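> Numbering (the numbering used here), first residue to last: 3 to 313. All residues carry an ideal CB built from backbone N, CA and C; glycine is no exception. These numbers were taken from a predicted model, which means no experiment stands behind them.
1) Is the beta carbon of residue 66 closer than 7 Å to that of residue 190?
2) Hey, out of 295, 220, 59, whose CA is closest to residue 163's CA?
3) Which value, in whole angstroms, describes the spacing of the CA atoms of residue 250 and residue 262?
4) Roughly how far, in whole angstroms, is the beta-carbon of residue 186 from the beta-carbon of residue 75, given that I think they are within contact range, below 8 Å?
5) From residue 61 to residue 69, what does the alpha carbon distance come to, in whole angstroms?
6) With burial defined as no fewer than 16 other Cβ atoms inside 10 Å of the residue's Cβ, what is the status of residue 55: buried or exposed?
7) Kindly identify the DSSP beta-bridge partner or partners of residue 134.
8) Between the C-alpha atoms of residue 192 and residue 241, what's the straight-line distance to the nearest angstrom?
9) Report the rounded CA-to-CA distance for residue 227 versus residue 265, giving the unit in angstroms.
10) When you compare only the Cα positions, how much space is there between residue 238 and residue 81?
11) Measure the C-alpha to C-alpha separation of residue 278 and residue 284 and round it to an integer number of angstroms.
12) Can you tell me the Cα-Cα spacing of residue 94 and residue 165, whole angstroms?
13) How would you write the range of the alpha helix (DSSP H) that residue 66 sits in, first residue to last?
14) If contact is defined by three or more beta carbon pairs under 8 Å, each pair taking one atom from either stretch, is the region 85 to 99 in contact with the region 151 to 159?
15) Would you kindly report the start and end of the unbroken alpha helix (DSSP H) that includes residue 153?
16) Assign residue 264 to one of three DSSP states: helix, strand, or coil.
17) What's the C-alpha gap between residue 143 and residue 106?
18) How would you label residue 222, buried or exposed, when you count the other beta carbons within 10 angstroms and need 16 or more for buried?
19) Of the residues 214, 202, 133, which one's Cα is nearest the Cα of residue 234?
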């Protein structure tokens, strides 16, 4: 009977424990050699490098206007501000969970004033009395089964995932701004080409009109020249609208209204810097969104990885 009771007590205690700990899954490595072309290549575990500071990486283009715009993403981008607020909230939740490890002192105080008025005919006043009551309670939940510690671990993983969200949002906003900026510069070049073409077609149309007046050209020749001119002008109007869209997108990325941002036309960079891309696996190690997925997995493991025994 004692053995049965001891076994039941052990099962009850094990059912209340929290776990298991988060362990990074091992990579699925196929049997060697998986492919005859890669027989000499050894697989290695991934080494996350998402926390490496990328710095002002856009300065490699050597464009002062781009440098000024990209620096404003860190200050005024609304999506980035939202992610930073979520990170501060996650850090506050860690502090709140850590506070549960320590005793809690609750106290209260209540003042009360009592007394009566003047007695009729005597001219005397009764004195009033004041009463004060105070009390306090001390409570301390000892984390025997690890529930509070697991909550702290889960909140820490959530904060790390939130930090990865900030890095991903920052990188996405910066790369989107730079893509729109160079698209705007390419649009500037197309506009210059269309303006030059429209001016050339206008001169050609003038020449054909003079030839038509002189009788050496027909009305059909003049209509064709006029059509080329109007088509080029229509393309120029459309390209102007396209450039405005890129400018508005840049304004949104730096947290401004379109009316506040005006980027003067300028030529695109004469040379494009050569950047060593590396191998795809190294690129994946630097992606903050992948790091965020792993931290989210750790959070779920700590928050919901609880085993209960059937009593």
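Per the coordinate set shown:
1) Your numbering for residue 190 matches position 188 in the chain shown. Your numbering for residue 66 matches position 64 in the chain shown. No, these two residues do not count as a Cβ contact at 7 Å.
2) Position 161 of the chain shown holds residue 163. The shortest Cα separation from residue 163 among 295, 220, 59 belongs to 295.
3) Taking the chain shown and counting its residues from 1, the one referred to as residue 250 is at position 248. Taking the chain shown and counting its residues from 1, the one referred to as residue 262 is at position 260. Computed Cα separation, rounded: 10 Å.
4) Counting from one through the chain shown, the residue named residue 186 turns up at place 184. Counting from one through the chain shown, the residue named residue 75 turns up at place 73. 16 Å between Cβ atoms; not a contact.
5) In the chain shown, counting from the first residue as 1, residue 61 sits at position 59. In the chain shown, counting from the first residue as 1, residue 69 sits at position 67. Near 6 Å, if we compare the C-alpha coordinates of residue 69 and residue 61.
6) Stepping through the chain shown from its first residue, residue 55 is reached at position 53. With fewer than 16 other Cβ atoms within 10 Å, it is exposed.
7) For the purposes of this step, residue 134 is identified with residue 132 of the chain shown, where counting begins at 1. For residue 134, which the question treats as bridged, DSSP gives the partners 113.
8) The count along the chain shown starts at 1 and reaches residue 192 at position 190. The count along the chain shown starts at 1 and reaches residue 241 at position 239. Going by the C-alpha atoms only, they are around 7 Å apart.
9) Along the chain shown, one-based indexing puts residue 227 at 225. Along the chain shown, one-based indexing puts residue 265 at 263. Approximately 34 Å, taken between the alpha carbons.
10) Numbered from its first residue, the chain shown carries residue 238 at position 236. Numbered from its first residue, the chain shown carries residue 81 at position 79. Approximately 34 Å between the Cα atoms of the pair.
11) On the chain shown, residue 278 is found 276 positions in, with the first residue counted as 1. On the chain shown, residue 284 is found 282 positions in, with the first residue counted as 1. Those two C-alpha atoms are separated by around 12 Å.
12) In the chain shown, counting from the first residue as 1, residue 94 sits at position 92. In the chain shown, counting from the first residue as 1, residue 165 sits at position 163. Answer to the nearest angstrom: the Cα atoms are 13 Å apart.
13) On the chain shown, position 64 is the one that residue 66 refers to. Residues 66 to 73.
14) yes
15) Translated into the one-based positions of the chain shown, residue 153 becomes position 151. 149 to 216 is the span of the alpha helix (DSSP H), which, as asked, contains residue 153.
16) By one-based count along the chain shown, residue 264 stands at place 262. Of the three classes helix, strand and coil, the one that applies to residue 264 here is coil, per DSSP.
17) Stepping through the chain shown from its first residue, residue 143 is reached at position 141. Stepping through the chain shown from its first residue, residue 106 is reached at position 104. When rounded, the distance between both Cα atoms is 9 Å.
18) Taking the chain shown and counting its residues from 1, the one referred to as residue 222 is at position 220. By the Cβ neighbour-count rule, residue 222 is exposed, with fewer than 16 other Cβ atoms within 10 Å of its own.
19) As a working note, residue 234 is residue 232 in the chain shown. Checking every option, the nearest Cα to that of residue 234 belongs to 202.
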